[in-house]
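Engineer: Numbering (the UniProt record's numbering), first residue to last: 1 to 283.
Virtual Cβ for every residue (Gly too), placed ideally from N, Cα, C.
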Amino acid sequence: MPELPEVETVRRGLAPVMEGVVIAQADVNRPDLRWPFPENMAARLTGRRILRLGRRSKYILADLDSGETLLVHLGMSGRMLVSGDPLGRFVHDHPAPEKHDHVVLHMESGARITFNDPRRFGAMDLLPSDAPQRHPLLSSLGPEPFSNTFDGPHLADRLKGRKTPIKTALLDQKVVAGLGNIYVCETLFRAGIRPDRRCETLSRKAIEALVPIIRDVLSEAIEAGGSSLKDFRQADGELGYFQHRFDVYGRENDPCHADGCTSAIKRIVQSGRSSFYCPTCQR
DNA sequence: CCACTGACCTGTCAGC
DNA sequence: TGCTGACAGGTCAGTG
1 MPELPEVETV RRGLAPVMEG VVIAQADVNR PDLRWPFPEN MAARLTGRRI LRLGRRSKYI
61 LADLDSGETL LVHLGMSGRM LVSGDPLGRF VHDHPAPEKH DHVVLHMESG ARITFNDPRR
121 FGAMDLLPSD APQRHPLLSS LGPEPFSNTF DGPHLADRLK GRKTPIKTAL LDQKVVAGLG
181 NIYVCETLFR AGIRPDRRCE TLSRKAIEAL VPIIRDVLSE AIEAGGSSLK DFRQADGELG
241 YFQHRFDVYG RENDPCHADG CTSAIKRIVQ SGRSSFYCPT CQR
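(1) Just to confirm the assignment, what range does the beta strand (DSSP E) spanning L105 have?
(2) In whole angstroms, give me the CA-to-CA distance for P51 and E238.
(3) How far does the beta strand (DSSP E) with V82 in it extend, from its first residue to its last?
(4) Provide the residue span of the beta strand (DSSP E) that contains S219, from first to last.
(5) Does the separation of the CB atoms of residue 334 and S227 fall below 8 Å?
(6) Excluding the 5 residues preceding and the 5 following I268 in the sequence, name in chain order all residues of the same chain whose CB lies nearer than 6 Å to its CB.
(7) Tell me the DSSP secondary structure of V175 in three-state form.
(8) Mind the definition here: the segment 237 to 251 touches the segment 175 to 191 only if three or more C-beta pairs lie below 8 Å; say whether that holds.
(9) Quick check on L188: does DSSP put it in helix, strand or coil?
(10) Reducing DSSP to helix, strand and coil, say where A131 ends up.
(11) Can you tell me whether DSSP reads D157 as helix, strand or coil?
(12) Check the C-beta distance from A209 over to A191 and give it rounded, since I have them as a contact under 8 Å.
(13) Quick check: M80 and V17, are their CB atoms within less than 8 Å of each other?
(14) Go ahead and pull the three-state DSSP assignment for Y249.
(15) List the endpoints of the continuous alpha helix (DSSP H) containing T9.
(16) Would R134 be called buried (16 or more neighbouring beta carbons within 10 Å of its own) or exposed?
(17) Pull up the CB-CB distance for S77 and R112, whole angstroms please, since I reckon it's below 8 Å.
(18) Let me confirm a value: D85 is counted as buried when at least 16 other C-beta atoms fall within 10 Å, else exposed. Which label applies?
(19) How is the beta strand (DSSP E) around R52 delimited, first residue to last?
(20) Skipping 5 residues on each side, what residues in its chain have a beta carbon closer than 6 Å to that of A156?
(21) Taking a contact to mean a Cβ-Cβ separation below 8 Å, would you say L141 touches I166 in this structure?
(22) For F115 and R44, what's the separation of their Cα atoms in angstroms?
(23) Of the choices T164, L71, V104, Q25, whose alpha-carbon is the least far from that of W35?
(24) Quick check on the DSSP output: the beta strand (DSSP E) that includes R44 runs from which residue to which?
(25) Just the C-alpha distance for H100 and P153, rounded to the nearest angstrom, thanks.
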């Protein structure tokens with residue numbers, strides 16, 4: 001579900017409750033999510049202090065004092081909810097257990113982190129902290145959108161001559177990490193480019209101009225606490241608010257937001273996924 | 001290497 | 001009310 005802004009929002013919510021704190025107990029309620037959990041995951045988490053909570057693309061990475069890092073992916077419907085923090089930053093009482101609470105971390109502080117994922121497209125794994133990039137899920141990821149290695153020339157080189165639609169290319173995590181369906185649609189609206197436009201027909205200048213737009217869209221979404229459609233919640237259970245600012249995503253037949261434009265937003269399906277765009281503003 | 005398809009799961013909603 | 005089918009934020013394996 002969650003794209004980079006939602007994952008970053010969750011990470012920021014979890015960090016004050018998890019960083020520097022020992023995992024007193026780990027409940028692992030089933031053998032797998034999308035893939036089997038690593039061997040003895042509960043035992044490898046129990047008693048370990050979390051040194052730092054990081055993020056790479058849509059993955060949350062918790063460095064442990066054992067030299068291992070816990071990798072968490074929220075898939076489409078995953079949530080990580082905090083309850084019962086005694087320091088009062090999270091006032092929520094522990095909720096009653098729910099159907100899809102697959103992993104529960106009981107922190108030494110009294111806080112509890114519940115991983116709930118109805119569709120089970122999420123994942124957890126343990127990897128060596130000193131070489132996270134060797135993990136198969138991380139090894140072929142492209143640059144982080146906010147890093148210095150993601151810039152106009154990189155993107156232009158990466159897309160040069162490709163016949164694939166720009167929408168598909170921006171969803172490709174090897175090109176840039178962290179974009180998903182929502183933020184690609186919003187980016188292309190701001191850029192004035194139709195989602196079905198083939199990369200090879202775009203000028204180098206037009207491709208380079210996408211870089212600051214991608215950063216703007218993502219940082220505005222992080223600022224708003226992500227986007228809540230059906231499932232997404234921040235770590236404290238609150239909704240995100242960026243969905244109120246969508247220009248195109250989910251707005252089929254609604255009026256275009258651009259000044260003076262009287263067109264309605266269109267929806268098309270590209271490689272099995274919906275794309276939304278304004279047929280007048282995007283060419 | 002590139003481009004496309006189907007698969008993994010469950011829940012929700014629209015339409016009949 | 002109840003059934004059916006379409007659809008959902010992601011990503012991988014398999015095919016040509």
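Structural biologist: Let me lay it out:
(1) 101 to 107
(2) Sequence check: residue 51 is Leu here, not Pro. Using only the alpha carbons, I get a separation of about 26 Å.
(3) 79 to 83
(4) Taken as a continuous stretch (DSSP letters only), S219 belongs to no beta strand (DSSP E), being part of the alpha helix (DSSP H) at 210 to 223.
(5) Missing from the structure shown is residue 334; the chain here goes from 1 to 283 and no further.
(6) S275
(7) coil
(8) yes
(9) helix
(10) coil
(11) helix
(12) The Cβ separation is near 6 Å, so the contact holds.
(13) Going by C-beta atoms, M80 is not nearer than 8 Å to V17.
(14) coil
(15) 4 to 18
(16) exposed
(17) The pair is not a contact, with the Cβ atoms about 20 Å apart (cut-off 8 Å).
(18) With 16 or more other Cβ atoms within 10 Å, it is buried.
(19) 50 to 56
(20) Same-chain partners within the cutoff: R204, I207, E208.
(21) no
(22) 17 Å
(23) L71
(24) Element bounds for R44: not the beta strand (DSSP E) but the alpha helix (DSSP H), 41 to 45.
(25) 44 Å
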